[in-house]
Amino acid sequence: MYQEHYFYLAFDTDDCAGFVTRNFTFIEFVGVIEPDWNCTLKDGTGYKTFPAPLKDGACTDLKQQCSNFTAIKDSVDFHSIVGAFKMVCEDDNKVEYIQLIQSLAMLIGAVIGGHVGDHLGRNTIFFLCQLCIIITSIMTTASQTWVHYAICQGITGFLYGGIEVMVMTTMMEMTNNKYRLIPNASFQWPLAYLIIALIAYLTKGWQLYFIFLNAVGSFFSIGFIMFLESPRWLIATGQFEEAAEVLNDIAHCRWNDAAVHFTENDLKNLPSEPNQKYRLYNFFHLFSKRKLVQQTLLQMFSMFTYSIISANYNYSVSSWESNIIPFVAINGGLRFIIPIVIIYFDFKIPSLGRKVQFVASLICEGFCYGGVIILMLCGYKHSYSWVNVLITIATMINDSAFWMNIVQITTQRYPTVIRCTAFGFIQCFKHLGYMVGVYIMKPILKSEDPIYAFVIPEVLIVVTIVLGIVLQPEVKGKSLKDTMDEVNKGRIVTRLPTGLLQLVSQFRTDQGAHKSELEEAFKTQMSKAKRSETVLSVASVPTPPHTKPKSSNKDSSKSSTDVLPDTNQRKPKSSSKDSSNIHQRKTPNSSKSSSKASSNVASQVNHGYDSESSLSELDLPTTKKSSSTSTIRF
């Protein structure tokens, strides 16, 4: 019902989330470009230039010969924080510290944001956090040291960790099964990479970069004012009046122009949980049921694998360092391809389920990393062009197909009352994977055996494939769960009593209408039979044209009795035959109608309540002459 409203919000969310994301992708690419260095010699004889990058020997000479040194801004296309804060030699590990602080802050924000989203609402502090992000991001430009920069980015990361979880949950809940991949694809990073490259190329410096980044992002943030609370969450938590207001706003002519109006009473029969029970939910409930334990473990491992592959790409693809800005732009442009292909085939091939896409994407990544390992065993370095190509392809699949199916499965396997918490908890392992990548993957790539930096992701991919085949059920096309009772029992069991009551009510309606039709038809046939009896009685007494019949009363009585039995014998026969004909004409229609009603209820009970079915109103058929229509709402 609210597809147009969704499409606007989805792309607006993509832009806003993308601008926030670019605060953190900055440090991974253009933010770490090292310039050449201008050294002021200690003996006062002049200056000396040290080309980038400064390694061990150059750092020793720099310390011995220079009293001071500054970055040569014109030596590179972009003046980064490495040049501004002199993060070289002994301070070259400060870049990793900043990355760890950002990842840790986003991890904490994801956990807290998940609980806030489930208890206070997905949209409660959303706009406020976005405004705070713009403020803290602008404050970054005033940083004088790497410590100030790390603090500002840490606050921004904390806020973004919560926003990412709440936005993702809202977009998934406000879209039906058919179109849910589209907002999912909107959370990819292609647009982020393109904007990074464009702004970096135009601004030439990290401070102007952040100013223009947030100036553009502030315009999109205005769209957050138009965000509505998730109606599914409102219904699941028993806030029916607020849910009706949201649905009526979505149905308004400015969005969908739908001729429908919801009231609180229309929603009270929908599945929801008592507030006193709902308020106790936290991430420990992700392990409270067998199915949730199985799914949570798989999602944790899958997200960790995803983040390790992404971290490996950030540190291993190094052959483009001299042309980093064009590389980032090309990288972003190529990443648009796979989400579009996935969405197209998902629409065209119904049998292409989530499990198939999940496993197939991992198999493709496994082949790519297997090729990298073979090339490195043959003596090629990880900076070899074909190694970079294979890693780039694997990362493109990882950041699109694999990521999208993790989000899709998480959305459909967890009920509404803990869905935001589930997203927050699983996102923690993404940020944890980045932290592990900083501490493990980067040092391995610099070691004497860099091949292990690719063996580790390959092992994780193989294990995730096995777990996905064994543990992951198919979820494509299934309705979202709303309450904890539906986790093990499912929608069919929990809503079956209501469906059966609906079916019985419909049968009673059909039976009453059919009975009235039979009685009316029987009366009609009886009246016809009586008229036929009268005609036959008159026709059985012939009268000569010129003589008056002479007969005694006895003969007359006998003649009369001779005729009447024949008539009485024909009457029941005719009536029985007509009555049977009536049953023959009416019963098939009634059976067909009842069968249709039964199949309609069964199919809709199986599909369950979902947002895309107009709050799952089950309109069951009735006979044509029935004066009432039976309707039930799940």
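Per the UniProt record's numbering, the very first residue in the sequence shown carries number 1; after that it's consecutive.
Heads up, the beta-carbon is just placed ideally off N, CA and C, and yes, glycines get one too.
### Query
Between T70 and N38, what straight-line distance do the alpha-carbon atoms span, to the nearest angstrom?
Rounded to whole angstroms, T70 to N38 spans 5 Å at the Cα level.
### Query
How about A394 and C368: do their beta carbons lie closer than 8 Å?
At the C-beta level, A394 and C368 come within 8 Å of one another.
### Query
Counting Cβ pairs, one atom from each stretch, are 3 or more of them under 8 Å apart for the stretch 406-418 and the stretch 144-162?
They do not touch, by the three-pair rule.
### Task
Along the beta strand (DSSP E) that carries F50, what are the first and last residues, could you check?
For F50, the enclosing beta strand (DSSP E) covers residues Y47 to F50.
### Query
How many angstroms separate the CA atom of residue 641 from the CA atom of S351?
There is no way to answer for residue 641, as the model of the chain reaches only from 1 to 634.
### Task
Return helix, strand or coil for S143, following the three-state DSSP convention.
If DSSP states are grouped into helix, strand and coil, S143 belongs with coil.
### Query
Rounded to the nearest angstrom, how far is the Cβ of N312 from that of G437, given a contact under 8 Å?
With 8 Å as the limit, N312 and G437 qualify as a contact, their Cβ atoms being about 7 Å apart.
#### Entry: N214 - containing alpha helix (DSSP H), residue span
Residues W206 to S221.
### Message
Is the separation between the beta-carbon of N176 and that of V407 shorter than 8 Å?
### Response
Contact: no.
### Query
Hey, V32 and S103 are a contact pair by Cβ (cut 8 Å); roughly how many whole angstroms apart?
Between V32 and S103 the beta-carbon gap is near 15 Å, outside 8 Å, which marks them as no contact.
### Query
How many angstroms separate the CA atom of Q294 from the CA atom of L377?
Their backbone Cα atoms lie some 37 Å apart in a straight line.
### Task
With DSSP as the reference, label H148 as helix, strand or coil.
It is helical.
### Task
Can you tell me which of the three DSSP states T70 falls into?
Correct three-state label for T70: strand.
### Message
For D36, list the residues DSSP reports as bridge partners.
### Response
Listed as beta-bridge partners of D36 by DSSP are I72.
### Task
Kindly list the residues whose CB is nearer than 7 Å to the CB of K55, restricted to its own chain and excluding five residues on each side of it in sequence; keep chain order.
Closer than 7 Å at the Cβ level, and outside the excluded window around K55, lies no residue.
### Task
Using the Cα positions of K178 and F423, report the straight-line distance between them to the nearest angstrom.
If you draw a straight line from the Cα of K178 to the Cα of F423, it is about 21 Å long.
### Message
Per the DSSP calculation, L297 is bridged to which residue(s)?
### Response
In the DSSP output, where bridge partners are listed per residue, L297 has none listed.
### Query
When the cut-off is 8 Å and only beta carbons count, does E264 lie next to chain C?
This model lacks chain C altogether; it includes just one protein chain.
### Task
May I ask which residues mark the beginning and end of the alpha helix (DSSP H) holding A453?
Here the alpha helix (DSSP H) through A453 covers Y452 to L471.
#### Entry: Residues of its chain near R180, where Cβ-Cβ distance is below 8 Å and the 5 sequence neighbours each way are ignored
Answer for R180: M172, Q408 and T411, listed in chain order.
### Inter-stretch contact at 8 Å, needing at least 3 Cβ pairs: the stretch 386-393 / the stretch 296-304
Counting C-beta pairs with one atom in each stretch, the stretch 386-393 and the stretch 296-304 have fewer than three that are closer than 8 Å, which means they do not touch.
### Message
DSSP three-state label for L131, please.
### Response
If DSSP states are grouped into helix, strand and coil, L131 belongs with the helices.
### Query
Roughly how many whole angstroms lie between the Cα atoms of residue 644 and I211?
What the structure shows of the chain is the stretch from 1 to 634, and residue 644 is not part of that stretch, so it cannot be assessed.
### Query
What span of residues does the alpha helix (DSSP H) with Y175 cover, start to end?
For the sequence presented, residue 175 should be read as Thr rather than Tyr. Counting along the chain, T175 falls outside any alpha helix (DSSP H), and DSSP gives it neither H nor E.
### Message
Three Cβ pairs or more, each shorter than 8 Å: is that satisfied between the stretch 419-434 and the stretch 96-114?
### Response
In this structure the stretch 419-434 touches the stretch 96-114; the number of beta carbon pairs closer than 8 Å is three or more.
### Message
Can you tell me whether I416 is buried or exposed? The criterion is at least 16 other CB atoms within 10 Å of its CB, across all chains shown.
### Response
Checking the sequence, you will find Thr at residue 416 rather than Ile. By the neighbour-count rule (16 or more Cβ atoms within 10 Å), T416 is buried.
### Query
Can the beta-carbon of S361 be found less than 8 Å from the beta-carbon of N314?
For S361 and N314, no; Cβs fall outside 8 Å.
### Message
If you reduce the DSSP assignment to three classes, tell me which class L270 lands in.
### Response
Secondary structure at L270: coil, using DSSP grouped into helix, strand and coil.
### Query
For R254, does the count of other Cβ atoms within 10 angstroms reach 16, so buried, or fall short, so exposed?
Within 10 angstroms of the beta-carbon of R254 lie fewer than 16 other beta-carbons, which makes it exposed.
### Task
Give the straight-line distance between the Cα atoms of N488 and F284, rounded to the nearest whole angstrom.
The alpha-carbon of N488 is positioned some 17 Å away from that of F284.
### Message
Considering just the uninterrupted stretch of the alpha helix (DSSP H) at V88, what are its terminal residues?
### Response
Here V88 belongs to no alpha helix (DSSP H), and DSSP marks it neither H nor E.
### Query
Excluding five sequence neighbours on each side, which residues of the same chain lie with their C-beta closer than 8 Å to the C-beta of A244?
Taken in chain order, the residues that qualify are F262, T263, E264, D266 and L267.
### Buried or exposed (CB count within 10 angstroms, at least 16 for buried), Y193
With 16 or more other Cβ atoms from the protein chains shown falling within 10 Å of its own Cβ, Y193 counts as buried.
### CA nearest to the CA of S218, picked from W233, D91, F127 and I182
It is F127.
### Query
Just how far apart, CA to CA, sit T421 and N282?
Put simply, the backbone Cα of T421 is about 7 Å away from that of N282.
### Query
Unbroken alpha helix (DSSP H) runs of length 4 or more, entirely within the stretch 331-397: which are they?
Listed in chain order, they are 337-348, 354-377 and 385-397.
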